[in-house]
Amino acid sequence: MMLLTLLLLIPFLGSLLITLLPGDRSSDFYRRVCVVVLSVQCLASVGLLVPFDASEAGLQLVETFAWLPSIGLDYALAVDGLSMPLVLMNGVLCLVSALASRQVENRPRIYFALLLVISGAVNGAFLAQNLLLFFIFYELELIPLWMLIAVWGGGNRAYASTKFLIVTAVSGMLILGAFLGMALLTGSVDFGLNPIVPGALPMATQLVLMGALLIGFGIKIPLFPFHTWLPDAHTEASTPVSVLLAGVLLKLGTYGLLRFCLGLFPEAWHLAAPWLAGWAAVSVLYGSLAAIAQTDMKRMVAYSSVGHMGYVLLAAAAATPLGLIGALFQMVSHGLISAILFLVVGVVYERTGTRDLTVLRGLLNPQRGLPLSGTLMIIGVMASAGIPGMAGFISEFLIFRGSLQAFPLATLLSMVGSGLTAVYFLLLVNRAFFGRLAIASGADPNPKVLLPVPLGQQMPAILLSLSILVLGLAPHLLVGLSEAATTGLSQIAVTQFSGGLS
Amino acid sequence: MTATQTQTALIPDLDVLISRLLADEPLLADTPDHLLQVVNVLESYGIVLDAYSKNLVYQGETQLLNPFPVMRFFHEGFSLERLWKHLVGDRINFEYAEYCQKAMFWHATGGMDAYFDTAPFLEACDRIIRLRCRRDPLMAVVNRLFPAFAPESIRSLTTIYALGLFWRVMSDLFIDLAHRYRIGEVACVNDVVHHIRDGLVAAAANPITYQVSEGGEQIWLLPPEAGLTFLGDVAVPYVEAVFFRGMPFLGTVSYNAQAQQISPDQGSFRYGALYADPIPSMGAGIPPSLCMQDMFRNLPEELSHWYDSHGRGQVDAHVQICVSFQKSMFCVTNGAIAGTMPHPLDSNDLEAQQANRDHARAWAERLMGCRREALI
Amino acid sequence: MLLALPWAAGWFRRDAHRPAAYLNIVLTLLAFVHGSLVLRDVMAFGPATLHFPWLTVADLQLDLSFSLSLTNVVALELITGLSLVSQFYSLGYLDKEWALARFFALLGFFEGAMSGVVLSDTLFQSYFLLEMLTLSTYLLVGFWYAQPLVITAARDAFLTKRVGDVLLLMGVVALAAFAGVMGFDDLYAWAATDSLSPLATTLIGLGLIAGPMGKCAQFPMHLWLDEAMEGPNPASILRNSVVVTCGAIVLLKVMPLLQHAPVTLVVLQVVGAISAIGGSLVSIAQVDIKRTLSYSTTAYLGLVFIAIALQVPVLALLLLFSHAVSKALLSMSVGGVIAATNCQDITELGGLGGRMPATTSAFLVGSAGLVGLLPLGGFLCLAQSVELIGGRSAGLVVVFLLTNALTALNLTRVFRHLFLGQPLLKTRRAVEVNWQMAFPMVALSVIVILTPVLLIRLESLDGLLAFPLWAAALVVGSGVVGMVAGTLVPLSKAWSRSINPWLRWFQDLLAYDFYTERFYRITIVNVVAGFSQLASAFDRVVVDGLLHGMARFSLQSAEGLKLSISGRSQTYVLTVVAAILLFLTSLSWLLR
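Printed below as a string of structure tokens:
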């Protein structure tokens, strides 16, 4: 059973297929091929649940063979409770994003091929059990995404994509540097996922290495002050790319944070934890406050990501079992929620030609507006604001509950940030969806006629909303999947040195 | 952008309105599209008004001082199947007819309203109440404690009945218009205006009377001697209450007293059909949505097809109906103005011309605040 | 399982138009009847608890638990009963409403959340449902979403409650972390033995009361109730009566925990007293009929808060019950006036008394039930309060009596405005409301008149009539004083302000609710807006500025990258391959 390899092969081969198919076909054709490939991948990810044993904390379904032993590069794949939900989410959101890619007139062949490459690379990164392998996949996803923004982006795409590339390249370099540094300093070149044993390295060295990793992943997550590439990238990216970016790629950062920073440097992590919690609180508050000031819907959602990913850092800093499961839950729920929000914003932009909150009004109008999008938006923002009954609440509750005892002040400040989420998203809904319909500024804001949105186009967002509600009302579905693994991870953080967390 | 600018330029101003009225030109731009919309929407309105009118007349005949008028919408007789249809909403929304009646009653203008406060009317009320109290102890108690309740209810019911009579005429007029359009007799918007004008003039002097039976006695509430007529005492107050003043919609205007969004003087209300904003149709708190739905269910195929290729097609059909409906209401108003011109338009008498001009100016000034962009 | 019935009402969201409404009413009726059966059982066999595990993770265990105590079931009956009445009423009030289905779906959701709150037996679940209530309040107030003031009202309602909820969440999370249990009984047991520092206890206590304070529209979080009056009247009926009751019941449930934090009890008393007196005063200066009632709700809930702070739960429940039914009736009556006259400004109304029997009598009965004057619910509660509280704090007795007097004054004043005097322009032709509105009004009037009997029948409320004569005399005295003052106060039909500058200042101060809104705008709103602008500017100038500086430093590579964007598609593939190769070779080179 090479199930995990299958998860890589499907998208990569699909990509090859699209690139090599003879003849020039329509955009729709490539899209259909891409959707089929991604559906198969999605099914394969779900199929992974069958052999997967949720009660097992360690790695499962390990597949390994030496690739370039001279440099310690093994082809090692495995899955555990931490990566399983993320692989699933990658499958779903890539499919959603392919479905949402409707208007790719410009070189569709390359576009869909790149989409598949990203999907495969992300799967690879989540499954890789070798630092170098992880790094290769981590970088592999970067360039296609850069091109997706640079070629199929908005008006200011050159700036945004260059910024994205440079900043994330720095992130990659820091991560690579840290990995190499680890190898050089510990003297072992197997690049396996082994925690640094206490005393193996001087604390200062550990801190430097972990700092490099932290900043590297902090850029990707993104955390304040490394976040400005994200709003720019989002505003220029097309809707499907935004869905991918927010839903899947940011999770690489948080995944790396949990897996590598926390998992490899438990000792240094413990030392740095109070600072990290403070950093998380600053990031949460900063992201939320900056979001309030935005007038572009997409920028607002992008800044909300900065705030919401801060919770993950908070939970990781506390490293309690509850906090970590909350962090994972937050990664999944944020992925689903931001996908909905970007999809709806995309529909609004596509129909009205603007995302400006000073212009848009009354889109909830039942016949001339976009009532279904409005409803989905309300569900999305309420979930994001942590209203019970939806996935966002569960993750926030778990995180706060898990971190409060360790870092009371940072947790309370993050809660304030959660309150601020309600403020800016309410502004968004009130401005764009309530009131009398208007989509143009000026004295006579009589709307032109908006084309109706076919139901099929809304289906992904509707299904995502349902999944948010299901996860919110029956959280054990997800919690059961990952509890063993996150508890294990928190064990690493605790048992590596005596005393544990106070 | 240029399109909007030219449109703004074309909204008819006061002088244009006056000159159109005096030159026997329609206020509404005379285009084939307009003709199609106006005639067809008036036909569906005619069908709806027919149902409204029958129901209001039925209410006037059967619901006198009924404390629980549960069955008031079943003028076609009661059956379980009708009850089912009524409950699931597969029916005409008579609530809107009552809404118009309430607007007319509450704004309280015109001859009929003045007659409500005269001695003969009050005497008639008194007789009815006395007869009713004899067999209805609840009524007797309520009447003792709240003496103004029963007369006010009777007034309201009288308005219901009178509005039913008015809509009877209008319904026939609109259906007839559609018939003449199909056989080619009505070929432009001006023909529509003339048809309505002539219909109104013909019915102008129809008497409005109302007789009820209570305790075996026949009692005149609006006797022929009161001299109430169709045009002056019902049509004009109706136009005033529904076309111009209207009632503020909860869905668009705040009733908050401190916000002072609603004028303390009903006379300066501008919430009527000619001022209406079609965009929020079918939204929450917009009562005419009910009427739009009724018309939608009775829309002639020609107009329905036309909507398919305009706006968002069937998705926003109700809003399009509202837009067309507003245009047609301008035509009806136009017909009413023409019908009430003091002198023939081709009169050579200078004084007569001046009187016509004053009449036209008065109405045109009234129309200036309305949604004149509907006229383009 | 059967308990979930109120929830079932929430199923129907947006389907058809009227059928949804009828279905909802039938379900509510079912819930009410079922609730009565449960009530009979509870009275016969004592309380019961229903318990379902929900989520167990790590060291956290969350359960769904419903407690069927007498109090809870009575509150459930109150909620389903009043919901039933107001849903029937909506059929009449909103008979021209196209979006009726959505309205009823929201009402059902609302009702479900409230029923859940009162039955809830764990703090977590109470929080969960209170937030649902916040959401449904937002959606219900925002029902007429195209109306500008509705939009701000919905926003403020949501945010005010949200502030309370976030504070409550802090308290809940803290308790969950320290106590490790969430069931109320377990919490009581834990609190008796806890070893937290007094500061932590106090902070948690303050967090716990913040949620109910927001829900009950207590000072300083009372503004939303005023604004929420923009929403449809049937929802206002519920908001004025049972929503606030829900908040108070949650407070009652956490009351035993608050005993350990004396500061919170003092805060509760102060907040309650300010709300009671301030709310009554402000209500007297209002010209909008719905708002004259909403501020008096704030005032009465202030009294409930005092009762809870003094640890007299029986009294709080009595007050809640009699206030809820009377205030619901008053709100219905006011809705009738609005429906008949299209007007909410009491200075433009008058002379409706003779013409609207159901509406007028509903207002009279409702007032009588609220104010301590006639031997109805309000009187019994207030007399009881004077007796129970008199022993502990004379000052608070004065608050009760003053609130009673001021409420009597206000209601008499409003009654004179609406129903007496000469008909004005907007009331010249006003006919009694339709039967769907009149019928529930009459029905509820009967219930209000029967309140004393109902209260006495509930066993746990025995000894209701055991108050001394002097207490009764005080209450009646204050009521009479208020009513006489209300009768004598001159009514200005044009909304004129006093000529005396001091009086005018005072009048404006009250009319604009102590300028609370402006205060908030200047303080909190400006601070948040300022910080957000600052953050945004910081982003553009400092963070981006640094980044641009670095980018300029490596300008060439950036330029090179930019150039490559305009290349042909093959180049991109090449770039990808080249980049990967580059990384791999650099790796092998580094590690050789």
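Quick note, the sequences are listed as chains A, B and C, same order.
Count the first sequence with the working numbering and you get residues 1 to 502, in order.
Count the second sequence with the working numbering and you get residues 503 to 878, in order.
Count the third sequence with the working numbering and you get residues 879 to 1470, in order.
Just so you know, even glycine gets a beta-carbon here, dropped at the ideal spot from N, CA and C.
Computed from a predicted model, the values in this text were never measured in an experiment.
C-beta neighbour in chain B for residue i, strict 7 Å
{"i": "C/E1395", "result": "no"}
{"i": "A/P366", "result": "yes"}
{"i": "C/G1438", "result": "The pLDDT assigned to C/G1438 is 49, lower than 50, so where the model puts this residue is not dependable, and the model offers no usable value."}
{"i": "C/R896", "result": "yes"}
{"i": "C/A1024", "result": "yes"}
Residue i CB to nearest heavy atom of the ligand ADP below 6 Å
{"i": "C/D1386", "result": "Among the components modelled here there is no ligand, and therefore nothing to report on the ligand ADP."}
Within-7 Å CB hit, residue i to chain A
{"i": "C/D1417", "result": "yes"}
{"i": "B/H820", "result": "yes"}
{"i": "B/M831", "result": "no"}
{"i": "C/L938", "result": "yes"}
Residue i and residue j closer than 7 Å at C-beta
{"i": "C/S993", "j": "C/P1112", "result": "no"}
{"i": "B/A706", "j": "B/L733", "result": "yes"}
{"i": "A/S414", "j": "A/V284", "result": "yes"}
{"i": "B/A664", "j": "B/V736", "result": "yes"}
{"i": "A/A327", "j": "A/V345", "result": "no"}
{"i": "B/R799", "j": "B/I520", "result": "no"}
{"i": "A/I468", "j": "A/A410", "result": "no"}
{"i": "C/A1316", "j": "C/A1236", "result": "yes"}
{"i": "C/V1277", "j": "C/A1363", "result": "no"}
Residue i at chain C interface by Cβ criterion, 7 Å
{"i": "A/L501", "result": "Residue placement at A/L501 is poorly supported in this model, since its pLDDT is 36, which falls under 50; the coordinates still yield a value, given next. Not closer than 7 Å to any Cβ of chain C, the Cβ of A/L501 fails to qualify, so no."}
{"i": "A/G435", "result": "yes"}
{"i": "B/G562", "result": "no"}
{"i": "B/M749", "result": "yes"}
Alpha-carbon spacing of residue i relative to residue j, whole angstroms
{"i": "A/A318", "j": "A/S490", "result": "9 Å"}
{"i": "C/F910", "j": "C/Y1178", "result": "26 Å"}
{"i": "B/C469", "j": "B/S655", "result": "Nothing about residue 469 of chain B can be read from this structure; chain B reaches only from 503 to 878."}
{"i": "A/V170", "j": "A/L249", "result": "16 Å"}
{"i": "A/V416", "j": "C/V1406", "result": "12 Å"}
{"i": "B/D552", "j": "B/S658", "result": "20 Å"}
{"i": "C/G913", "j": "C/F944", "result": "13 Å"}
{"i": "C/G1445", "j": "A/M147", "result": "At C/G1445 the pLDDT is 43, less than 50, meaning the model places this residue with poor confidence and gives no usable figure here."}
{"i": "B/I764", "j": "B/F771", "result": "8 Å"}
{"i": "C/G1229", "j": "C/V1320", "result": "21 Å"}
{"i": "C/V995", "j": "C/I1127", "result": "8 Å"}
{"i": "A/C261", "j": "A/I136", "result": "18 Å"}
{"i": "B/M797", "j": "C/S1158", "result": "49 Å"}
When the options are compared against residue i, the one with the closest alpha-carbon
{"i": "C/V1165", "options": "C/T1225, C/Q1314 and C/G1109", "result": "C/T1225"}
{"i": "C/A1031", "options": "C/H1100, C/D1072, C/G1357 and C/L1287", "result": "C/H1100"}
{"i": "B/V825", "options": "B/D779, B/L647 and B/A854", "result": "B/D779"}
{"i": "B/S622", "options": "B/R637, B/Q828 and B/W722", "result": "A small correction: the amino acid at residue 622 of chain B is Pro; Ser does not occupy that position in the sequence shown. With distances taken between Cα atoms, B/P622 lies closest to B/W722."}
{"i": "C/Q1411", "options": "A/G216, A/G374, A/A280 and A/Y286", "result": "A/Y286"}
Contact set between residue i and chain F, taken where Cβ atoms lie within less than 8 Å
{"i": "B/D767", "result": "Absent here is chain F; the protein component of the structure consists of chains A, B and C."}
Worksheet item: Taking contact to mean at least 3 C-beta pairs separated by less than 8 Å, is the stretch 113-122 of chain A in contact with the stretch 66-78 of chain A?
Response: no
Item to complete: Report yes or no: do three or more beta-carbon pairs, one from the stretch 222-232 of chain A and one from the stretch 331-350 of chain A, lie closer than 8 Å?
Response: Not touching, per the Cβ criterion.
Item to complete: Evaluate the contact criterion for the stretch 1215-1223 of chain C versus the stretch 1268-1286 of chain C: three or more CB pairs, one atom per stretch, below 8 Å.
Response: no
Discussion item. If contact is defined by three or more beta carbon pairs under 8 Å, each pair taking one atom from either stretch, is the stretch 806-822 of chain B in contact with the stretch 836-850 of chain B?
Written reply: no
Fill in: Touching by the beta-carbon criterion (3+ pairs, under 8 Å), the stretch 1073-1081 of chain C and the stretch 919-936 of chain C
With a cut-off of 8 Å, the stretch 919-936 of chain C and the stretch 1073-1081 of chain C do not count as touching, because too few Cβ pairs lie within range.
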